[in-house]
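Colleague: Going by the numbering used here, the sequence shown opens with residue 181, and the numbers climb by one from there. I have a structure I would like to understand better, so I am pasting it below and will then ask my questions one at a time.
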Amino acid sequence: EDIKEMMKGGSLPQMPAMPGLPGLGGKLPGLGGLPGLGGGGFKGVMKTFNMTRPAVAAIGLGIAQAALDFTKEALAKEGVEVDWSAGSHARSAIQQQLVEIEADIEAAMLDVLHATWLSGEAKPNNLEASIAKAKGGEISRTATQRCIAILGSMGISQEFLLEKWFRDCRITDIYEGTG
181 EDIKEMMKGG
191 SLPQMPAMPG
201 LPGLGGKLPG
211 LGGLPGLGGG
221 GFKGVMKTFN
231 MTRPAVAAIG
241 LGIAQAALDF
251 TKEALAKEGV
261 EVDWSAGSHA
271 RSAIQQQLVE
281 IEADIEAAML
291 DVLHATWLSG
301 EAKPNNLEAS
311 IAKAKGGEIS
321 RTATQRCIAI
331 LGSMGISQEF
341 LLEKWFRDCR
351 ITDIYEGTG
C-alpha cells in the first residue's frame with residue numbers, strides 16, 4: 181500500500197512496543213494536552229510555533245535594546261551622543277551606527293507586533309510569525325555584536341552585561357526553529 185494512501189486512510193502501521201515504556205501499547209502519547217496543539221499533529225505544532233515565535237523574537241529584541249541602551253549610556257559618559265536632527269553626513273561613524281541599530285530594532289519590533297496582533301485576532305500568521313522570528317533573532321545577534329564592536333574591549337569585559345547579552349541572544353536565533 182502506498183504511504184500517501186495509508187496517511188489518508190489513517191491506516192499507518194502501529195509502532196512495535198517500545199522497551200522501557202510499558203503500557204503504551206506501541207503508541208506514542210498524544211500532545212493534545214499542550215496549549216495550542218489541540219491534538220492537531222503537525223498542523224497543531226505549527227500553530228503553536230506561530231504563537232510563540234513572535235515571543236522569542238521579542239525576547240531577542242529586548243536583549244538588543246538593552247545592549248543599545250547600555251552602549252548609548254557608555255558613550256554619553258565619554259561625551260558621544262547622537263544628534264538626531266543632523267543628517268547622516270553630519271554624524272560620526274559611531275553615531276550613524278547607533279541610528280542604524282535603533283532603526284533595525286524598531287523595524288523588527290514592528291514585525292513582531294504585526295504577527296502578534298494577527299495571532300490575537302485569530303487570523304493566519306504563519307508568514308508573519310516566521311519573518312518576525314527570523315528578523316528578530318538576526319537583529320538581536322547583529323545589534324548586540326555591533327554594540328560590542330563599538331565599545332571595543334569594554335564590550336567584551338565580563339564586568340559589564342553586554343558580553344552576557346551577546347551569549348544570551350544566540351538562543352533567539354536558534355529557539356523555535358532556525359531563521
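Ideal placement from N, C-alpha and C gives every residue a C-beta, glycine not left out.
1. With a cut-off of 8 Å on the beta carbons, I'd call Val292 and Gln275 a contact; round off their distance for me.
2. Hey, out of Met231, Ser320, Val225 and Met334, whose CA is closest to Ala283's CA?
3. Going by C-alpha distance, which of Met231, Gly221, Phe222 and Lys344 is nearest Leu307?
4. Under the assumption that Leu278 contacts Lys257 (Cβ atoms under 8 Å), give the Cβ distance between them as a whole number of angstroms.
5. Output yes or no for whether 8 Å exceeds the beta carbon distance between Met289 and Leu248.
6. Go ahead and label Ser299 buried or exposed: buried means 16 or more other beta carbons lie within 10 angstroms of its beta carbon, across all protein chains shown.
7. Under 8 Å by Cβ, that's how I've got Lys313 and Ala237 pegged, so tell me the actual separation to the nearest angstrom.
8. Give the DSSP-derived three-state secondary structure of Phe250 in the structure shown.
9. By Cβ distance, which residues of its chain are closer than 7 Å to Lys344, with the 5 residues on each side in sequence left out?
10. Please confirm whether Gly335 and Leu342 have their CB atoms less than 8 Å apart.
11. How close, in whole Å, do the beta carbons of Pro234 and Ala295 come, if the pair is a contact with beta carbons under 8 Å?
12. Is the separation between the beta-carbon of Ile354 and that of Arg326 shorter than 8 Å?
13. Assign Ala266 to one of three DSSP states: helix, strand, or coil.
14. Do Ile239 and Thr352 have their C-beta atoms closer together than 8 Å?
15. Drop a sphere of 10 angstroms on the beta-carbon of Ala287, count the other beta-carbons inside from all chains shown, and report buried for 16 or more, exposed for fewer.
16. Which residues in the same chain have their Cβ closer than 7 Å to the Cβ of Ile330, if we skip the five residues on either side of it in sequence?
Modeller: Taking the definition as stated:
1. In fact, because the Cβ distance is near 26 Å, the residues do not count as touching under 8 Å.
2. Ser320
3. Met231
4. Between Lys257 and Leu278 the Cβ distance is about 14 Å, and since that is not below 8 Å, they are no contact.
5. no
6. buried
7. 5 Å
8. helix
9. none
10. yes
11. 4 Å
12. no
13. coil
14. yes
15. exposed
16. Thr251, Ile274 and Gln277
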